[in-house]
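Participant:
Number of protein chains: 2
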Amino acid sequence: MASDDEKPLLRDLLSPSSQNDQKIDPKRRRYRRCRSAPLAEFLPGEIGTNVDGSLPNSESSLSNINPSFRMVAIYLILYLIIGAVCFYLVQDQIKGDKIDRVLDSVYFCIVTMTTVGYGDLVPNSVASKLLACAFVFSGMVLIGLMVSKGVDYLVEKQEILLIKALHMNRKTGSSEIQKELEDNKVHYKCLVTMALFVALVVVGTLFLTQVEKLDLVDAFYCVCSTITTLGYGDKSFSTKAGRVFAIFWILTSTVCLAQFLCYIAELNTESRQKKLVKFVLTKRMTNVDLEAADVDENGIVGAAEFVIYKLKEMGKINQEDISLLLAEFEYLDVDQSGTLSTSDIGLAQSCQTGP
Amino acid sequence: MASDDEKPLLRDLLSPSSQNDQKIDPKRRRYRRCRSAPLAEFLPGEIGTNVDGSLPNSESSLSNINPSFRMVAIYLILYLIIGAVCFYLVQDQIKGDKIDRVLDSVYFCIVTMTTVGYGDLVPNSVASKLLACAFVFSGMVLIGLMVSKGVDYLVEKQEILLIKALHMNRKTGSSEIQKELEDNKVHYKCLVTMALFVALVVVGTLFLTQVEKLDLVDAFYCVCSTITTLGYGDKSFSTKAGRVFAIFWILTSTVCLAQFLCYIAELNTESRQKKLVKFVLTKRMTNVDLEAADVDENGIVGAAEFVIYKLKEMGKINQEDISLLLAEFEYLDVDQSGTLSTSDIGLAQSCQTGP
Numbered sequence: 003m004a005s006d007d008e009k010p011l012l013r014d015l016l017s018p019s020s021q022n023d024q025k026i027d028p029k030r031r032r033y034r035r036c037r038s039a040p041l042a043e044f045l046p047g048e049i050g051t052n053v054d055g056s057l058p059n060s061e062s063s064l065s066n067i068n069p070s071f072r073m074v075a076i077y078l079i080l081y082l083i084i085g086a087v088c089f090y091l092v093q094d095q096i097k098g099d100k101i102d103r104v105l106d107s108v109y110f111c112i113v114t115m116t117t118v119g120y121g122d123l124v125p126n127s128v129a130s131k132l133l134a135c136a137f138v139f140s141g142m143v144l145i146g147l148m149v150s151k152g153v154d155y156l157v158e159k160q161e162i163l164l165i166k167a168l169h170m171n172r173k174t175g176s177s178e179i180q181k182e183l184e185d186n187k188v189h190y191k192c193l194v195t196m197a198l199f200v201a202l203v204v205v206g207t208l209f210l211t212q213v214e215k216l217d218l219v220d221a222f223y224c225v226c227s228t229i230t231t232l233g234y235g236d237k238s239f240s241t242k243a244g245r246v247f248a249i250f251w252i253l254t255s256t257v258c259l260a261q262f263l264c265y266i267a268e269l270n271t272e273s274r275q276k277k278l279v280k281f282v283l284t285k286r287m288t289n290v291d292l293e294a295a296d297v298d299e300n301g302i303v304g305a306a307e308f309v310i311y312k313l314k315e316m317g318k319i320n321q322e323d324i325s326l327l328l329a330e331f332e333y334l335d336v337d338q339s340g341t342l343s344t345s346d347i348g349l350a351q352s353c354q355t356g357p
Numbered sequence: 003m004a005s006d007d008e009k010p011l012l013r014d015l016l017s018p019s020s021q022n023d024q025k026i027d028p029k030r031r032r033y034r035r036c037r038s039a040p041l042a043e044f045l046p047g048e049i050g051t052n053v054d055g056s057l058p059n060s061e062s063s064l065s066n067i068n069p070s071f072r073m074v075a076i077y078l079i080l081y082l083i084i085g086a087v088c089f090y091l092v093q094d095q096i097k098g099d100k101i102d103r104v105l106d107s108v109y110f111c112i113v114t115m116t117t118v119g120y121g122d123l124v125p126n127s128v129a130s131k132l133l134a135c136a137f138v139f140s141g142m143v144l145i146g147l148m149v150s151k152g153v154d155y156l157v158e159k160q161e162i163l164l165i166k167a168l169h170m171n172r173k174t175g176s177s178e179i180q181k182e183l184e185d186n187k188v189h190y191k192c193l194v195t196m197a198l199f200v201a202l203v204v205v206g207t208l209f210l211t212q213v214e215k216l217d218l219v220d221a222f223y224c225v226c227s228t229i230t231t232l233g234y235g236d237k238s239f240s241t242k243a244g245r246v247f248a249i250f251w252i253l254t255s256t257v258c259l260a261q262f263l264c265y266i267a268e269l270n271t272e273s274r275q276k277k278l279v280k281f282v283l284t285k286r287m288t289n290v291d292l293e294a295a296d297v298d299e300n301g302i303v304g305a306a307e308f309v310i311y312k313l314k315e316m317g318k319i320n321q322e323d324i325s326l327l328l329a330e331f332e333y334l335d336v337d338q339s340g341t342l343s344t345s346d347i348g349l350a351q352s353c354q355t356g357p
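Quick look at the structure:
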């Protein structure tokens, strides 16, 4: 058995779609087919989450550990309420172009948390200055949370709509959309955020020309200065309508740009990762490699040995992962046979207390 | 052979240090020991790079793909030279508190690229406004590159010094320092950047009180406003000495805070990843799992089968990785034996053109 049997094992681990890409002995495949079902059911969640190979995705299998999109939204609302109340209370200690007490508090809170900091409203007392310091740090953390958690969730939803729209004319099932999405996840995320970013720039520029009566260059300059959180402050929102718009627009556009840059970085990482995978795959397996992978000195390397050796070369797994798993394997392998059987599991678990 | 032989294979993949943690039949181990040498030589680079499980680290095996620290430094210098020259040329179109033509150009360039944007100097013509827009976007990308590439390299060097200092009294070899570093890499990175961050805040505050003659609260407020890139602009660097200091201090401190926040996020991800690994490791192996991992239906699961199954549960590897490697394995396995031997390698490579 064994060495020869490892091959079908790995073959069966393949999802049905990728299985079709392989030239597999049809007889063997038919025989194995039914066995892959329980595994396939177990896997989709994980396949989906780790397609770009990045670490944070792997957490979805333990979603209780990961603060959800809803949590981030709640934090944001809480932050804005507390911020608005605080700045409302110290309003007399803030100098600048004031328009409306409540509106200015929220506007100042947004301008501070996004680190735009125009300077059209500035704290003018010890208390208000320290308050601004506290709010800018917590705001940065919150924006970071929004970029890493909240927006990702929203963009993922848009992605599916985008792909459905792109495939409108072709009849595609949800599994095909799923596959398309896995293959180009980051690519689509980039597209969605870029489209949103362009829309926000256009809307912001038009608004500033129409409502704040800036000329086109000034409006674009103010948009760029705001979106990047530069905020020189020579051009800012000085009308009531402008500040209402600013509250929503500044938050959305700064987060959108940050997210867009993150996705570009991710795309770049993914493309480098793909190059590395290609490099490892196309690298000639020399006799030295074979010797290194083949520890039992029988001159042959099984499929599982090969997969583990190459995964290490790709840097996807490391020594520590294998050590940990092997320790667990040895613990479970009570009869020291080098393999796990139902009797091993029973023996190992009889040592533990029942559930 | 085979199934039973996989176990020593994986055991030998263990680095010597972790090997000592395992209870291994001494005879077997002595026999295997010498065989692990070539592999161990091949691996250290990769083990080191991927210890936090994050993707970007895996690229070091192909360092030519990855822009190095030196590249980032060159980009930064080029950016500053081009920026200073551009803003020097449009200096008459910039209004505000001017002190020195050359100094102001560099200062304005730094204030713009870091998105601090005090507003003490603001572009006042179409050309200078569009120039500022171009420089703030490219500056953001450059800061992002510095945070993801440049600083990481510097912090890693500091880490080693820190650990050496901490272990001064204990006699530790470089291999032990290496291990200590692998286990708590992100933890030490956080410590190093936090120490630098605190130092930068203290230095900045002292400088502003001494040179710019601000009172303590104003100085701290200006430091916070600058470090977070808020830059209201009511307090900024208005003396010649202040602007010289600002050029170095603003760049260092904003990048340091950004890096510090990144490391905290990484620490958080790592701790969640560790929880996931622990969860997968301590999760009872049920008969259903055993059945899922054991595809050959012989009722036993080999060590390699177990490792691959658990790695998938941890989300470290996915279906696609295995599919790709398996396709490569089948390509190399010319004689369809389900194992790779020297003869397979020879046959597979004779189909390709020689080197």
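Protein sequence lines, in the order shown, are assigned to chains A and B.
Numbers given in this note's numbering equal positions in the first sequence, counted from 1, plus 2.
Numbers given in this note's numbering equal positions in the second sequence, counted from 1, plus 2.
Backbone N, C-alpha and C define an ideal beta-carbon position, used for all residues, glycine too.
In this text the structure is predicted, and so the values were computed from the model without any measurement.
1) Could one say the Cβ of P28 of chain A lies closer than 8 Å to chain B's Cβ atoms, at least one of them?
2) Shortest alpha-carbon distance to L334 of chain B belongs to which of A:G348, A:A305 and A:S273?
3) Cβ closer than 9 Å: which chain A residues qualify as neighbours of L342 of chain B?
4) Which residues in chain B sit within 7 Å of D236 of chain A, going by Cβ to Cβ distance?
5) How do the stretch 224 to 232 of chain B and the stretch 249 to 257 of chain B stand: do at least 3 beta-carbon pairs fall below 8 Å, yes or no?
6) Less than 8 Å between CB atoms is the rule here; does F139 of chain A satisfy it with respect to chain B?
7) Using CA atoms only, rank isn't needed, just tell me which of A:D337, A:A243, A:H189 and A:D94 is closest to K215 of chain A.
8) Out of curiosity, what's the CA-to-CA distance linking V282 of chain A and N270 of chain B?
9) Examine chain B for any beta-carbon lying closer than 8 Å to the beta-carbon of G244 of chain A, and answer yes or no.
10) Using the Cβ count rule (16 or more neighbours within 10 Å means buried), how would you classify V153 of chain A?
11) Take the Cβ of F250 of chain B as the centre, count every other Cβ of all protein chains shown within 10 Å, and call the residue buried at 16 or more, exposed below.
12) Using a Cβ-Cβ cut-off of 7 Å (strictly less than) and excluding sequence neighbours within five positions of C264 of chain B, which residues of its own chain qualify?
13) Does the pairing of the stretch 98 to 110 of chain B with the stretch 69 to 81 of chain B give three or more beta-carbon distances under 8 Å?
14) What do you get for Q275 of chain B, buried or exposed, if any count of 16 or more other CB atoms within 10 angstroms of its CB means buried?
15) Between I112 of chain A and chain B, is the shortest Cβ-Cβ distance under 8 Å, so that the two count as touching?
16) Quick one: which residues of the stretch 209 to 240 of chain A get their C-beta closer than 8 Å to a C-beta of chain D? List them in chain order.
17) Which residues, in order along the stretch 245 to 273 of chain A, keep a beta-carbon less than 7 Å from a beta-carbon of chain B?
18) Using a Cβ-Cβ distance under 8 Å, would I347 of chain B count as near chain A?
19) Counting only C-beta atoms, is V205 of chain A closer than 8 Å to chain B at any point?
20) Going by DSSP, which residues form a beta bridge with L123 of chain B?
21) Could you check which residue in B:S140, B:T344, B:Y109 and B:L313 has the C-alpha nearest to that of V303 of chain A?
22) Is I112 of chain B close to the ligand HEM? I mean its beta-carbon at under 7 Å from any heavy atom of the ligand.
23) Quick one: list the residues of chain B neighbouring S150 of chain A, beta-carbon separation under 8 Å, in chain order.
24) Comparing C-alpha positions only, which one of B:M316, B:G206, B:A329 and B:A267 sits nearest to I252 of chain B?
25) Looking at C-alpha atoms only, which residue of A:F139, A:Y311 and A:V279 is the closest neighbour of A294 of chain A?
26) Using a Cβ-Cβ distance under 8 Å, would I324 of chain A count as near chain B?
27) So, for H189 of chain A: in the same chain, excluding its five sequence neighbours on each side, which residues have a beta-carbon less than 7 Å away from its beta-carbon?
28) Identify, in the order they occur along the chain, each residue of the same chain with its Cβ nearer than 6 Å to the Cβ of L198 of chain A, setting aside the five sequence neighbours on each side.
29) Could you tell me whether the Cβ of F331 of chain A comes closer than 8 Å to any Cβ of chain B?
30) Throw me the rounded Cβ distance for the F308 of chain A and L327 of chain B pair, which I believe falls under 8 Å.
31) Taking the straight line between their C-alpha atoms, what separation do you get for L342 of chain B and G317 of chain A?
32) Determine, for G146 of chain B, whether the minimum Cβ-Cβ distance to residues of chain A falls below 8 Å.
33) If you check the beta carbons only, do V143 of chain A and T117 of chain A fall under 8 Å apart?
34) Taking the alpha-carbon positions, what's the D323 of chain A to V336 of chain A distance?
35) Does T117 of chain A get closer than 8 Å to chain B when you measure Cβ to Cβ?
36) Would you mind stating whether I319 of chain B and M287 of chain A have Cβ atoms separated by less than 8 Å?
Facilitator: In this structure, then:
1) Here residue 28 of chain A corresponds to residue number 26 of the first sequence, with the count starting at 1. Unreliable positioning characterises P28 of chain A in this predicted model, as indicated by a pLDDT of 39, which lies under 50. The coordinate reading is nonetheless provided below. No, because no Cβ of chain B sits closer than 8 Å to the Cβ of P28 of chain A.
2) Within the second sequence, numbered from 1, the residue matching residue 334 of chain B stands at position 332. Minimum Cα distance to L334 of chain B is reached at A:A305.
3) As a first step, residue 342 of chain B is located in the second sequence; it is residue number 340 there, counting from the start. Residues of chain A passing the Cβ test: M287, L292, A295, D296, I302, V303, G304, A305, E307 and F308.
4) Position 234 of the first sequence holds residue 236 of chain A. G121 and V124, listed in chain order.
5) yes
6) For the purposes of this step, residue 139 of chain A is taken as the residue at position 137 of the first sequence. Judged by the 8 Å Cβ criterion, F139 of chain A is in contact with chain B.
7) The sequence position of residue 215 of chain A within the first sequence is 213, counting from 1. Ranking A:D337, A:A243, A:H189 and A:D94 by Cα distance to K215 of chain A puts A:A243 first.
8) The residue labelled residue 282 of chain A in the question sits at position 280 within the first sequence. The residue labelled residue 270 of chain B in the question sits at position 268 within the second sequence. Those two C-alpha atoms are separated by around 31 Å.
9) Counting from 1 along the first sequence, the entry for residue 244 of chain A is found at position 242. False, the Cβ-Cβ gap to chain B never drops below 8 Å.
10) In the first sequence, counting from the first residue as 1, residue 153 of chain A sits at position 151. Buried.
11) Here the question's residue 250 of chain B lines up with position 248 in the second sequence. By the 10 Å Cβ count, F250 of chain B comes out exposed.
12) Against the second sequence, residue 264 of chain B aligns to sequence position 262. Once the five neighbours on either side are set aside, the close Cβ partners of C264 of chain B are V149.
13) no
14) Taking the second sequence and counting its residues from 1, one reaches residue 275 of chain B at position 273. Answer is buried; the Cβ neighbour count reaches 16.
15) Stepping through the first sequence from its first residue, residue 112 of chain A is reached at position 110. Judged by the 8 Å Cβ criterion, I112 of chain A is not in contact with chain B.
16) Any reference to chain D falls outside this structure, whose protein chains are A and B.
17) L263, A267 and T271
18) On the second sequence, residue 347 of chain B is found 345 positions in, with the first residue counted as 1. With 8 Å as the cut-off, I347 of chain B counts as an interface residue toward chain A.
19) As a working note, residue 205 of chain A is residue 203 in the first sequence. Taking Cβ atoms only, chain B never reaches closer than 8 Å to V205 of chain A, which makes this a no.
20) Within the second sequence, the letter at position 121 stands for residue 123 of chain B. DSSP lists B:G98 as partners of L123 of chain B.
21) Taking the first sequence and counting its residues from 1, one reaches residue 303 of chain A at position 301. Out of B:S140, B:T344, B:Y109 and B:L313, B:T344 has the C-alpha closest to the C-alpha of V303 of chain A.
22) The model depicted lacks the ligand HEM and carries no ligand whatsoever.
23) As a first step, residue 150 of chain A must be located in the first sequence, where it is residue number 148. The contacting residues are A267.
24) Here the question's residue 252 of chain B lines up with position 250 in the second sequence. The shortest C-alpha separation from I252 of chain B is found at B:G206.
25) Your numbering for residue 294 of chain A matches position 292 in the first sequence. With distances taken between Cα atoms, A294 of chain A lies closest to A:Y311.
26) Looking up residue 324 of chain A in the first sequence gives position 322. Answer yes: the Cβ-Cβ gap between I324 of chain A and chain B drops below 8 Å somewhere.
27) Translated into positions along the first sequence, residue 189 of chain A becomes position 187. Once the five neighbours on either side are set aside, the close Cβ partners of H189 of chain A are L269.
28) Residue 198 of chain A sits at position 196 when you count from the first residue of the first sequence. For L198 of chain A, where only same-chain residues beyond five positions count, the Cβ hits under 6 Å are C258.
29) Here residue 331 of chain A refers to the residue found at position 329 of the first sequence. Chain B contact via Cβ: present.
30) The residue given as residue 308 of chain A occupies position 306 in the first sequence. The residue given as residue 327 of chain B occupies position 325 in the second sequence. F308 of chain A to L327 of chain B, Cβ: 7 Å. Contact.
31) Reading the second sequence from its first residue, position 340 is the one you call residue 342 of chain B. Reading the first sequence from its first residue, position 315 is the one you call residue 317 of chain A. Each residue's Cα considered, the two are about 22 Å apart.
32) As a working note, residue 146 of chain B is residue 144 in the second sequence. Taking Cβ atoms only, chain A reaches closer than 8 Å to G146 of chain B, which makes this a yes.
33) Counting from one through the first sequence, the residue named residue 143 of chain A turns up at place 141. Counting from one through the first sequence, the residue named residue 117 of chain A turns up at place 115. Taking 8 Å as the Cβ cut-off, V143 of chain A and T117 of chain A do not qualify as a contacting pair.
34) What you label residue 323 of chain A is simply residue 321 of the first sequence in a count that begins at 1. What you label residue 336 of chain A is simply residue 334 of the first sequence in a count that begins at 1. Going by the C-alpha atoms only, they are around 21 Å apart.
35) Counting from 1 along the first sequence, the entry for residue 117 of chain A is found at position 115. Yes, because at least one Cβ of chain B sits closer than 8 Å to the Cβ of T117 of chain A.
36) For the purposes of this step, residue 319 of chain B is taken as residue 317 along the second sequence, with counting starting at 1. For the purposes of this step, residue 287 of chain A is taken as residue 285 along the first sequence, with counting starting at 1. Contact flag unset, no.
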